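Q:
Numbering (the UniProt record's numbering), first residue to last: 1 to 239.
(1) Counting only the same chain and skipping the five closest in sequence on each side, list residues whose C-beta sits under 6 Å from that of residue 58.
(2) What do you get for residue 173, buried or exposed, if any count of 16 or more other CB atoms within 10 angstroms of its CB means buried?
(3) Can you say whether residue 148 is buried or exposed, counting buried as having 16 or more other CB atoms within 10 angstroms of its CB?
(4) Excluding sequence positions up to five away, which residues of its chain have a Cβ less than 7 Å from the Cβ of residue 162?
(5) With DSSP run on the structure shown, which of helix, strand or coil describes residue 236?
(6) Give me, in chain order, the residues of the same chain whose beta-carbon lies closer than 8 Å to that of residue 150; leave out the 5 immediate sequence neighbours on both sides.
(7) Which of the three DSSP states is assigned to residue 105 in this structure?
(8) Is the CB-CB distance between residue 132 and residue 146 below 8 Å?
(9) Report the rounded CA-to-CA distance for residue 116 versus residue 6, giving the unit in angstroms.
(10) Can you give me the C-alpha to C-alpha distance between residue 111 and residue 181, rounded to a whole angstrom?
(11) Report the start-end ranges of each beta strand (DSSP E) in the UniProt domain "DUF7168" (69-188) that is 3 residues or longer and not cut off at the edges.
(12) Along the chain, where does the beta strand (DSSP E) containing residue 64 start, and where does it finish?
(13) Can you tell me the Cα-Cα spacing of residue 121 and residue 80, whole angstroms?
(14) Please report the straight-line C-alpha distance between residue 230 and residue 97, rounded to a whole angstrom.
(15) Check residue 191 in the structure and name its three-state DSSP category.
(16) What's the C-alpha gap between residue 109 and residue 61?
(17) In chain order, what residues of the same chain have a beta carbon less than 7 Å from the beta carbon of residue 187, not counting five sequence neighbours either side?
(18) How is residue 55 classed by DSSP in three states: helix, strand or coil?
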């Protein structure tokens, strides 16, 4: 298994090359493919189902959220976590849409993937969303357009991750069962954490207006984002 810091460095360099405006489209695809192969190899092939190791240990990590759109940052983190067999618990400020922090529960191996993807995708999502602006008085507000973009981005990223996780595994289905067990252990850790701290879990619903064009723009951006899950014929695409 590759060292996680070396893995992050490799993927970051490849993504930077892929996103360089001077990079030709043909070369850009090659960089994305290589980054995808490296990430996927870490998440799948490195796991030894017959010999559990520290990567199978369940851990808890709290992410402090700050800056603009903390609720959308939390939504992205939660979407990534759920897709990668982890679960999240967010702490909101009273009478506010702002989210103070998100605590995520999952196996160490899955949490490393959550960390890596969130670190790469969160700043990209916010930066791209800020390009959305109200150009005419009849258009939705800048805030609505930016939130709409992020909803589209998060929806697509989460969907791609879930679909990709279902395409890999061994012929006997042992890997799929191991991932179900990962999810069960994460949920158990969350429930124990809630009981220990005397928290009450609940759902927060808020009615918002969204701009369909910006949502689609976010979906398109999510499709373009490399999330390290490219597969060929159910196997890993090593670029």
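Glycine included, C-beta positions come from ideal geometry on N, C-alpha and C. Bear in mind the structure is a predicted one, so any value in this text is a computation, not a measurement.
A: Reading off the structure:
(1) Cβ neighbours of residue 58 within its own chain (closer than 6 Å, five residues either side excluded): 107, 185 and 189.
(2) exposed
(3) buried
(4) 83
(5) For residue 236, the predicted model reports a pLDDT of 34, less than 50, meaning its position is unreliable; a value from the coordinates is still stated below. It is a strand residue.
(6) Its chain contains 69, 72, 75, 76, 125, 126, 129 and 218 as the residues whose beta carbon lies nearer than 8 Å to that of residue 150, once the 5 sequence neighbours on both sides are disregarded; these appear in chain order.
(7) strand
(8) yes
(9) 12 Å
(10) 15 Å
(11) 87-92 and 99-107
(12) 58-64
(13) 10 Å
(14) For residue 230, the pLDDT reaches just 42, beneath the cut-off of 50, and the residue's location in the model is therefore unreliable, although a value from the coordinates is still provided. One C-alpha to the other measures close to 35 Å.
(15) helix
(16) About 13 Å.
(17) Correct list, in chain order: 87.
(18) In this structure, DSSP gives residue 55 a helical state, which the three-state scheme calls helix.
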